[in-house]
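Before any comments, here is the structure.
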Amino acid sequence: MSEQADTRPASSFAILRRLLMDHGRRYGVAYFAALVFMCAGSAATALVAYLLKPVLNQMVEPEGLRAMRVLSFAVAGLFAVRGLASYFSQVLLARTGARIVAGLQMRLFDRLLDQDVAFLRDTHSSDMLARVTIAASGVRDTLQVMTTSVGRDAATLFCLIAVMFVQDTALALIAVAAMPLAGFGLSRLVSAVRKLSRRSFDGSARVMQTLQETLQGIGIVKAFNLENEMRARMGASVDDVARAADRAAMRMALASPIADFIAGVAIAIILFYGAWRVTVASADAGAFFSFVVAMLMAYEPGKRLARVHLEMQAGIDQARMIYEILDTPATEAPRSGQPALRVGAGRIEYMDVGFSYRPGEAALDDLSLVFAPGETTALVGVSGAGKSTIVALLLRFYKPQAGAIFIDAQDIAGVELRSLRENIAYVPQDVFLFRGTIRDNIALGRIGARQDEIELAARRANADEFIRDFRNGYDTEVGELGQNLSGGQKQRIAIARAMLKDAPILVLDEPTAALDSESEREVRKALDELRSGRTTIVIAHRLQTILSADSICLIDHGRLVAKGSHAELLSREPAYRALVEAQFAGEAGAAGDGLTYPAFFCASIRKGCAG
1 MSEQADTRPA SSFAILRRLL MDHGRRYGVA YFAALVFMCA GSAATALVAY LLKPVLNQMV
61 EPEGLRAMRV LSFAVAGLFA VRGLASYFSQ VLLARTGARI VAGLQMRLFD RLLDQDVAFL
121 RDTHSSDMLA RVTIAASGVR DTLQVMTTSV GRDAATLFCL IAVMFVQDTA LALIAVAAMP
181 LAGFGLSRLV SAVRKLSRRS FDGSARVMQT LQETLQGIGI VKAFNLENEM RARMGASVDD
241 VARAADRAAM RMALASPIAD FIAGVAIAII LFYGAWRVTV ASADAGAFFS FVVAMLMAYE
301 PGKRLARVHL EMQAGIDQAR MIYEILDTPA TEAPRSGQPA LRVGAGRIEY MDVGFSYRPG
361 EAALDDLSLV FAPGETTALV GVSGAGKSTI VALLLRFYKP QAGAIFIDAQ DIAGVELRSL
421 RENIAYVPQD VFLFRGTIRD NIALGRIGAR QDEIELAARR ANADEFIRDF RNGYDTEVGE
481 LGQNLSGGQK QRIAIARAML KDAPILVLDE PTAALDSESE REVRKALDEL RSGRTTIVIA
541 HRLQTILSAD SICLIDHGRL VAKGSHAELL SREPAYRALV EAQFAGEAGA AGDGLTYPAF
601 FCASIRKGCA G
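Each step along the sequence shown adds one to the number in this note's numbering, with nothing skipped, and position 125 is 125.
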């Protein structure tokens, strides 16, 4: 996590209180109804224990058979009430719990979408997956434990203790005195369980991360025979989770012998003392029998209550992790009063822009640069020169730390973010396709687009023909990460998406860099159509892209070194000439109409000198 809010709950009590405040208002009626049913079940349980006194006493009476028949029906009815109450309370808690999980997952997802790229770059996706799935379910379980402890166990224990006091006050005092001892013994285990639950959660996140990486990089895994390495990584993560779970289980298991030992001593004392009173002091045998049954029935809910704090530690820690995200200030939250961006000619200007990802390492250094409206400008430079950062700042993935960026004289920092991005179409080098059909992925360019508009965009992107070659046409599933399509097909789908968006500004991160020559020709035709009449910024990795640009900007160490046409830069910029010679030599033959690279290079220089 990159930044955490200062308002994060610091204690278990604070988290429990916040959980109740967050969910009590929305689901209070459902929880209250569940509590009513649980209290009804608790009362039925206590009445069963209470009725055992007259049952035992009537057994020795001459006319007791008739009374026993009535008492038997009463006991059966009470058990029926207890069963129905348990059913309805469980259904209510299950439904409410499902809604709580869904609500928390949506709140977490909303908060993540409100963060900028800088926050998400520093956040492991597996950690977020674990918080959205495991932690949200943990919060539900914690609330249900709280409800059942208060509604069922506490109410049952209260009613049974009341029966015990009615039947024999002295024995009841002995039984109640043992309860704090059990609670104190179990409280010593809480901190250990809390640490182990966090370790188990972190291990589960690593399991998700290893699984994600293996499936997404399965080609590399197979090509480099990394199956055993991946098994070792997964095994280490799974074993760590298992060890943490084993240690937590050992700590949790200690709760039973502690409670059983204390309860056993108390029960032994009560049985001996009670039996002595019945046999020697002529105490009521039926009352003693009813007391013992009530005491034994109270043992399990009492033990659950004593260890409730222990059982909730994992859920409390998971709730803490959820609030870490929910309390993180939104870095891309909409701000009221900001005007919408209005694009006219589409002139883009960077004025003294500075930016760094890490302190002391400038990605852009006092950069001033103008992108002419309606023209294509290529950004060239060695890897790490700052080309991608220029694009990222235009899209406001990051904020400049110095200077400003203007579109048609409007500072993009002061305009509504959504309107800024609505006016920019972005085609990345690594195309991302979402789960769904080809139609769904193109339609993301403009939500609500008609089918004829989607097909027109596909035709302009030279994609319609191959789409119709599929058996299901536009309804073809692209597969996870577009695995059912080739690289060139995915690029043309991305271009069709940008066509459909029809934005006045276009940003291209060399979408032909990883394509074969045939796919490149088809994609380049589509790009030529897409760039027409738009202010276009293209990060260039291929010589053909440079030659098709109206102007070229040489970027080095975050600064603009030179700007001009290909021929102009070849003739007067040694750094550009060296870059072309080193980076684009392999393409020169194709770009130079069949010339070898030295011949093409010399011809380019002569052309530049003549110009």
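No residue lacks a Cβ here, since even glycine has one placed at the ideal position from N, Cα and C.
Tell me the DSSP secondary structure of residue i in three-state form.
i    : result
R559 : strand
V48  : helix
L394 : helix
A610 : Residue confidence for A610 is low, a pLDDT of 39 falling below 50, so the modelled location carries little weight and cannot support an answer.
T376 : strand
G564 : strand
L508 : strand
V280 : coil
G589 : Summary for G589: the model assigns pLDDT 47, below 50, so the residue's position carries little reliability, and this model does not support an answer.
A345 : coil
Q209 : helix
E300 : helix
L228 : Note on identity: in this sequence residue 228 is Asn, with Leu being the wrong assignment. Helix at N228.
E522 : helix
G594 : For G594, the pLDDT reaches just 39, beneath the cut-off of 50, and the residue's location in the model is therefore unreliable, although a value from the coordinates is still provided. Three-state DSSP puts G594 in coil, outside helix and strand.
Q90  : helix
Q105 : helix
D22  : helix
K387 : helix
A275 : helix
D246 : helix
D114 : coil
E634 : Nothing can be reported for residue 634, as the shown portion of the chain is limited to 1 through 611.
A340 : coil
Considering just the uninterrupted stretch of the alpha helix (DSSP H) at residue i, what are its terminal residues?
i    : result
Y323 : 313–326
I454 : 451–460
A494 : 487–501
L143 : 136–148
S532 : Here S532 belongs to no alpha helix (DSSP H), and DSSP marks it neither H nor E.
D127 : 125–130
T169 : 169–177
L120 : 117–121
T331 : Looking at the DSSP string, T331 is not in any alpha helix (DSSP H), and its letter there is neither H nor E.
T545 : 543–547
Name the DSSP beta bridge partners of residue i, please?
i    : result
S356 : A362
M351 : A404
L367 : V353
I552 : A378, G564
Which residues mark the beginning and the end of the beta strand (DSSP E) in which residue i is found?
i    : result
T536 : 535–539
Any heavy atom of the ligand COA inside 6 Å of the beta-carbon of residue i?
i    : result
R524 : Looking at this structure, you won't find the ligand COA or any other ligand, since it has none at all.
Check: Is there contact between the region 468–486 and the region 434–441, where contact requires at least three CB pairs shorter than 8 Å?
Finding: yes
Margin query: If we require 3 or more residues per run, which beta strand (DSSP E) segments fall completely within the region 410–482?
Written below: 424–427
Next item on the list: Evaluate contact between the region 454–473 and the region 406–416, counting only Cβ atoms and requiring at least three cross-stretch pairs below 8 Å.
Entry: no
Next item on the list: Would you check if there are 3 or more beta carbon pairs closer than 8 Å linking the region 124–139 to the region 312–331?
Entry: yes
Notebook entry, point to check: Okay, do the region 112–120 and the region 342–354 touch, 3+ Cβ pairs below 8 Å being the bar?
Noted result: no
Notebook entry, point to check: Okay, do the region 73–85 and the region 114–133 touch, 3+ Cβ pairs below 8 Å being the bar?
Noted result: no
Note to self: Tell me whether the region 539–554 and the region 482–490 touch, counting them as touching only if at least three CB pairs, one residue from each stretch, are closer than 8 Å.
What the structure shows: no
Next item on the list: Would you be able to state if there are at least three C-beta pairs under 8 Å between the region 143–156 and the region 258–276?
Entry: no
Check: Is it true that the region 157–171 meets the region 84–96, where meeting means three or more beta-carbon pairs spaced less than 8 Å apart?
Finding: no
Check: Does the region 284–303 come close enough to the region 124–134 that 3 or more CB-CB pairs lie under 8 Å?
Finding: no
Check: Does the region 357–366 come close enough to the region 385–392 that 3 or more CB-CB pairs lie under 8 Å?
Finding: yes
Check: Can at least three beta-carbon pairs, one atom from the region 201–210 and one from the region 234–248, be found at a separation below 8 Å?
Finding: yes
Note to self: Using 8 Å as the cut-off, can you tell me whether the region 401–413 makes contact with the region 338–351, which would need three or more C-beta pairs spanning the two stretches below that distance?
What the structure shows: yes
Next item on the list: Evaluate contact between the region 549–563 and the region 367–381, counting only Cβ atoms and requiring at least three cross-stretch pairs below 8 Å.
Entry: yes
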